[in-house]
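Asker: Just so we're aligned, residue 507 is where the sequence shown starts under our numbering, counting upward by one.
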Amino acid sequence: MLAQQRRQAILERVRGSGGVRVADLVRELGVSDMTIRRDLEVLSERGLVEKVHGGATAAGPGAAEEPGFAATSARPRAEEKETIARHAARLVRPATAIALSAGTTTWTLAHHLVDVPELTVITNSIPIADVFHRSPRADRTVVLTGGVRTPSDALVGPVAVSAIRGLHVDTLFLGVHGMSARAGFTTTNLLEAETNRELVASAHRLVVPADHTTWGTVGVSTIAELAEAHVVVTDSGLTEEAREELTASVGELIITEPRQESEIAGR
Numbered sequence: 507m508l509a510q511q512r513r514q515a516i517l518e519r520v521r522g523s524g525g526v527r528v529a530d531l532v533r534e535l536g537v538s539d540m541t542i543r544r545d546l547e548v549l550s551e552r553g554l555v556e557k558v559h560g561g562a563t564a565a566g567p568g569a570a571e572e573p574g575f576a577a578t579s580a581r582p583r584a585e586e587k588e589t590i591a592r593h594a595a596r597l598v599r600p601a602t603a604i605a606l607s608a609g610t611t612t613w614t615l616a617h618h619l620v621d622v623p624e625l626t627v628i629t630n631s632i633p634i635a636d637v638f639h640r641s642p643r644a645d646r647t648v649v650l651t652g653g654v655r656t657p658s659d660a661l662v663g664p665v666a667v668s669a670i671r672g673l674h675v676d677t678l679f680l681g682v683h684g685m686s687a688r689a690g691f692t693t694t695n696l697l698e699a700e701t702n703r704e705l706v707a708s709a710h711r712l713v714v715p716a717d718h719t720t721w722g723t724v725g726v727s728t729i730a731e732l733a734e735a736h737v738v739v740t741d742s743g744l745t746e747e748a749r750e751e752l753t754a755s756v757g758e759l760i761i762t763e764p765r766q767e768s769e770i771a772g773r
């Protein structure tokens with residue numbers, strides 16, 4: 507088993523049970539104690555697990571803790587994010603200007619936009635820019651802002667803000683760390699919040715694609731109030747109370763059904 511495959515197996519164990527012991531992994535994977543400890547060290551450095559005495563537990567970010575892009579993209583909820591992205595992509599028309607802020611859901615959305623003709627795309631996300639770079643179109647323009655790179659591969663700070671200021675886009679798809687009635691849409695990075703606020707100011711329409719687990723999560727800095735969103739696209743795991751709050755606050759709430767969506771795609 508290659509190192510990457512072994513680490514993926516360890517991650518799946520952590521996600522499934524909430525924690526792992528070194529001794530159990532040594533026995534199950536048939537490698538040395540030192541190899542497992544090295545794997546846990548690598549996963550810990552990437553923000554995927556938290557090392558504890560004798561093993562590791564699932565990482566749990568706080569309001570000011572910013573997980574890396576690899577960490578968040580490797581977490582569960584891929585089905586929900588995929589379905590949310592499919593629905594959000596239907597809001598994009600050809601020959602329009604859009605902006606995509608950094609985030610794993612917006613990165614998933616980017617994959618569904620590569621075939622839309624005559625798009626102008628503004629983004630401060632290196633992974634999102636790379637999605638379009640890998641599927642080039644002569645009729646598409648992609649603008650990647652400059653700035654200081656964050657752990658989530660967003661470009662932020664004065665250079666990014668200056669690049670965005672004065673731009674006008676039809677729709678912004680905003681990736682968020684959390685959303686709540688009290689704090690609105692939030693992020694864990696102060697500079698990213700400032701950059702994203704500039705993106706919000708540039709957009710005629712604000713769309714927030716976010717899975718249900720972001721509800722009730724509060725990052726250290728607010729990007730926008732709930733009422734500023736024209737559309738929120740989320741999944742059916744959202745609680746009834748959260749649905750009522752969002753319905754009363756945002757312009758439109760779209761609830762997706764992952765299972766239903768995958769059945770339609772398979773026909």
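Every residue gets a Cβ at the ideal spot worked out from N, C-alpha and C, and that includes glycine.
Treat the numbers as computed from the prediction; the structure is a model and nothing was measured.
Can you list the alpha helix (DSSP H) stretches of 4 or more residues lying completely in the segment 681-716, in chain order?
Answerer: Here the runs fully enclosed are 696-708.
Asker: In this structure, how does DSSP classify residue 546 when only helix, strand and coil are distinguished?
Answerer: The answer is helix: DSSP assigns residue 546 an H, G or I state.
Asker: Hey, would you say residue 752 sits closer than 8 Å to residue 718, going by beta carbons?
Answerer: Taking 8 Å as the Cβ cut-off, residue 752 and residue 718 do not qualify as a contacting pair.
Asker: In terms of DSSP beta bridges, what is residue 603 paired with?
Answerer: Answer by DSSP bridge pairing, in chain order: 626.
Asker: For residue 658, which three-state DSSP category applies?
Answerer: The answer is coil: DSSP assigns residue 658 none of H, G, I, E or B.
Asker: Here's the rule: buried if 16 or more other CB atoms are within 10 angstroms of the residue's CB, otherwise exposed. What is residue 596?
Answerer: Exposed.
Asker: When DSSP labels each residue in this structure, what does residue 636 get in the three-state scheme?
Answerer: Looking at residue 636 - three-state DSSP - the assignment turns out to be helix.
Asker: What residue does the beta strand (DSSP E) around residue 762 start on, and which one ends it?
Answerer: Start and end: 758-762.
Asker: Quick one: grab the DSSP three-state call for residue 673.
Answerer: Here residue 673 sits in coil by DSSP.
Asker: Starting from residue 753 and walking both ways along the alpha helix (DSSP H), at which residues does that stretch end?
Answerer: Residue 753 -> alpha helix (DSSP H) spans 746-755.
Asker: What does the alpha-carbon distance come out to for the pair residue 638 and residue 591?
Answerer: Rounded to the nearest angstrom, the two C-alpha atoms are 15 Å apart.
Asker: Rounded to whole angstroms, what's the CA-CA distance from residue 650 to residue 626? Just pull it up for me.
Answerer: Near 11 Å, if we compare the C-alpha coordinates of residue 626 and residue 650.
Asker: Does the distance from the CB of residue 736 to the CB of residue 712 come in under 8 Å?
Answerer: Yes; because the gap between Cβ atoms is below 8 Å, this pair is in contact.
Asker: By how many angstroms is the C-alpha of residue 604 removed from the C-alpha of residue 552?
Answerer: Between residue 552 and residue 604, the C-alpha separation is close to 31 Å.
Asker: Buried or exposed for residue 616, please, with buried defined as at least 16 other CB atoms from any protein chain shown within 10 angstroms of its CB.
Answerer: Buried, by the Cβ-count rule.
Asker: Of the choices 520, 538, 529, 530, whose alpha-carbon is the least far from that of residue 550?
Answerer: Ranking the options by Cα distance to residue 550, first place goes to 520.
Asker: Does the segment 638-647 come close enough to the segment 664-684 to have 3 or more Cβ pairs within less than 8 Å?
Answerer: Contact between the segment 638-647 and the segment 664-684 is absent, because fewer than three Cβ pairs lie under 8 Å.
Asker: Specify, as a first and last residue, the run of the beta strand (DSSP E) that residue 530 falls within.
Answerer: No beta strand (DSSP E) holds residue 530; the alpha helix (DSSP H) holding it covers 528-535.
Asker: Please confirm whether residue 535 and residue 515 have their CB atoms less than 8 Å apart.
Answerer: Closer than 8 Å, so yes.
Asker: Under 8 Å Cβ to Cβ from residue 598, same chain only, skipping five residues before and after it: list those, please.
Answerer: Result list for residue 598: 604, 619, 622, 625, 677, in chain order.
Asker: Identify, in the order they occur along the chain, each residue of the same chain with its Cβ nearer than 7 Å to the Cβ of residue 571, setting aside the five sequence neighbours on each side.
Answerer: The pLDDT assigned to residue 571 is 48, lower than 50, so where the model puts this residue is not dependable; a value taken from the coordinates is nonetheless given after this. So the qualifying residues of the chain are 694.
Asker: Within the same chain, show all residues whose beta-carbon is closer than 6 Å to that of residue 723, passing over the 5 residues directly before and after it, in chain order.
Answerer: Cβ within range, chain order: 684.
Asker: What three-state label does DSSP hand residue 608 in the structure shown?
Answerer: Residue 608 falls in the coil class under three-state DSSP.
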